[in-house]
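Chains A and B, in that order, are what the protein sequence lines are.
Note that the working numbering gives residue 127 to position 135 of the first sequence, counting from 1, and the numbers run on in steps of one.
Note that the working numbering gives residue 84 to position 92 of the second sequence, counting from 1, and the numbers run on in steps of one.
Every residue gets a Cβ at the ideal spot worked out from N, C-alpha and C, and that includes glycine.
Reviewing the structure listed below.
Number of protein chains: 2
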Amino acid sequence: MSSASGEAERREIDERLAGATIGILGGTGAQGNGLGRRFAAAGHPVLLGSRVAARAQEAAGHLAAEGLSVSGVANADAAAADVVVVAVPYEGHESLLRTHAAALAGKVIIDCVNPLGFDRQGAYPLAVPAGSAAQEAAAALPDSHVVAAFHHVSAVLLADPEVIEVPTDVLVVGDDPQAVALVAALADQIPGMRGIYAGRLRNAHQLEALTANLISVNRRYSAHAGLRVTDV
Amino acid sequence: MSSASGEAERREIDERLAGATIGILGGTGAQGNGLGRRFAAAGHPVLLGSRVAARAQEAAGHLAAEGLSVSGVANADAAAADVVVVAVPYEGHESLLRTHAAALAGKVIIDCVNPLGFDRQGAYPLAVPAGSAAQEAAAALPDSHVVAAFHHVSAVLLADPEVIEVPTDVLVVGDDPQAVALVAALADQIPGMRGIYAGRLRNAHQLEALTANLISVNRRYSAHAGLRVTDV
């Protein structure tokens, strides 16, 4: 791609993103809630979704009290946003997406689900028949543009209003170049983050599973680890 | 672990590593050769191994001409080193290890094999019945201490004598804490690198597979990407 067309493409993406509402399925969980905070701080109206709207309203109230544009709604209403983030627990992930497939059609869907199990030895990746949660989402949402990203951001850092910059790169994988570029640009809007293209959706599994390693890192070093890609 | 016992442990590891010879199975490949260069530059006598000793001797000659302590030998002789790195192609990995299991018994074995396939869409992880190449190695070498590490170091940077620092963290996984600590300390000896504990051997697969993503990063950004762990 020439530099000129790259700039034109970037301008088009910025226009698509400007003012876009971000819906978050699972917006009361730590990851979804933290991402909602950051997207709102970047200027997006955010719809935090939950199975129980009252719980979402309570969670949204804390962020709205800080002056952020965040509303709490049922997941069905969060699915009506311009761009939708899937941050639900892995259990029930696929059936939730099938339920909302019509509302999610034609949209960029960001799946950041990490299918992990935990036992006395720590975290480990669960076997996912589709290969990854992201591929499962793509199969459940054939008319959407599913992109996998935001797996490794520390929920603790996201949630902390004192943390202005979240120092981590966001590895973005997907098969639709425009959707991938939009999600990478969205990551770029969060101070400290960079969105980095890291392959096709078939390479989502190891990003999801790598969260198990980062949990080990966090335990060993008492850290809130993130990743930076060097030489990019 | 208290700070004092941490220091004592570190001293013991440094003593074990001081002057340790490093053998490299597959020392004529890009990754094995590049690691051999760096371990030799860090002061270790290195035995580059190959199925064909003459090829290893030729590869070692280039490094020895730079004043590095590197010899080329048959894989069987490289397996006699104090610490042995496995950097062979995935095909034949397991049978090679079974062949040399007796020589490798009781030792720290560093597996850095990435089981990847390539097609028109780029790289993707191969399905490995044992879960990962590292777990396959552990099954083939029940009397060795298998640690997985050095998957993501850029072979291009390793090979370049003008590159003094290789800016990447080395994620180290394994089930034997002393072996893990020794491999992390070995990574620390290479300028620019840090060895970071990243979980048990059952979490090796995603480190191996992540190399497919880094290949996509390298293609997209014309980079020699590595990884840094933030907040550690």
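Taking 8 angstroms as the threshold, the shortest C-beta distance from Gln181 (chain B) to chain A does not fall below it. No Cβ of chain A is located within less than 8 angstroms of the beta carbon of Ser124 (chain B). For the pair Leu17 (chain A) and Cys104 (chain A), the Cα-to-Cα distance works out to about 11 angstroms. Using a Cβ distance threshold of 8 angstroms, Val164 (chain B) and Val139 (chain B) count as a contacting pair. Close CB contacts of Asn195 (chain A) within its chain, under the 6 angstroms cut and outside five residues either way in sequence, are with Val165 (chain order). Scanning chain B for C-beta atoms nearer than 7 angstroms to the C-beta of Arg212 (chain A) yields Tyr189, reported in chain order. A Cβ-Cβ distance of about 5 angstroms is found for the pair Ala171 (chain A) and Val100 (chain A), placing them in contact under the 8 angstroms criterion.
The beta carbon of Gln181 (chain B) is closer than 6 angstroms to those of Ala34 in its chain, skipping five residues each way along the sequence. Secondary structure of Phe110 (chain A) (DSSP, three-state): strand. Taking 9 angstroms as the cut-off between beta carbons, the residues of the stretch 108 to 134 of chain B near chain A are Gln113, Gly114, Ala115, Tyr116 and Pro117, in sequence order.
Taking the C-beta atoms as reference points, Leu219 (chain A) is found no nearer than 8 angstroms to Thr160 (chain B). Apart from sequence neighbours up to five positions away, the residues of its chain that approach Asp167 (chain B) with a beta-carbon distance below 7 angstroms are Arg192 and Leu193, ordered along the chain. Excluding its 5 nearest sequence neighbours in each direction, Ala125 (chain B) has C-beta neighbours in its own chain below 7 angstroms: Tyr82, His85, Asp103, Val105, Pro107 and Glu200, listed in chain order. Within 8 angstroms of the CB of Leu219 (chain A), the CB atoms of chain B belong to Leu219, Arg220, Val221 and Thr222, in sequence order along the chain. Secondary structure at Ala196 (chain A): coil, using DSSP grouped into helix, strand and coil.
Interface flag for Leu163 (chain B) against chain A is set, since a Cβ pair is found closer than 8 angstroms. In the displayed model, Ala66 (chain B) falls within a strand according to three-state DSSP. At a cut-off of 8 angstroms between beta carbons, Asn106 (chain B) makes no contact with chain A. Residues of chain B with a Cβ closer than 9 angstroms to the Cβ of Pro159 (chain A) are, in chain order, Thr222 and Asp223. Secondary structure at Tyr116 (chain B): strand, using DSSP grouped into helix, strand and coil. A residue is called buried once 16 or more other Cβ atoms fall within 10 Å of its Cβ, and Arg29 (chain B) is buried on that count. Judged by beta-carbon spacing, Ala45 (chain A) lies within the 8 angstroms limit of Gly64 (chain A), meaning their Cβ atoms are closer than that value. Between the alpha carbons of Ile5 (chain B) and Phe31 (chain B) lies a distance of about 16 angstroms. Distance from Ile156 (chain A) to Pro183 (chain A) at the Cβ level is roughly 6 angstroms; contact confirmed, criterion being Cβ atoms closer than 8 angstroms. What Ala215 (chain A) touches in chain B, judged by beta-carbon distance under 9 angstroms, is Val221, Thr222, Asp223 and Val224, going in chain order. Rounded to whole angstroms, the gap between the alpha carbons of Ala190 (chain A) and Ala204 (chain B) is 9 angstroms. Distance from the Cα of Thr20 (chain A) is smallest, within the candidate group A:Thr13, A:Leu55 and A:Glu(-1), for A:Leu55.
Going by DSSP, Ala151 (chain B) is part of the alpha helix (DSSP H) stretching over Ala147 to Ala151. Under the three-state reduction of DSSP output, Tyr82 (chain B) falls in the coil class, being neither helix nor strand. Apart from sequence neighbours up to five positions away, the residues of its chain that approach Leu150 (chain B) with a beta-carbon distance below 7 angstroms are Gly26, Leu27, Arg29, Arg30 and Val158, ordered along the chain. When rounded, the separation of the alpha-carbon atoms in Ala95 (chain A) and Gly123 (chain A) is 25 angstroms. Interface residue (Cβ-Cβ distance to chain A less than 8 angstroms): Gln23 (chain B) is not classified as such.
Contact with chain B is found for Ala204 (chain A), since one of that chain's Cβ atoms lies less than 8 angstroms from the residue's Cβ. According to the DSSP assignment, Arg30 (chain B) belongs to the alpha helix (DSSP H) that extends over Ala22 to Ala33. The C-beta distance from Gly24 (chain B) to Val76 (chain B) rounds to 11 angstroms, too long to meet the 8 angstroms contact threshold. At least one beta carbon of chain A lies nearer than 8 angstroms to the beta carbon of Leu199 (chain B).
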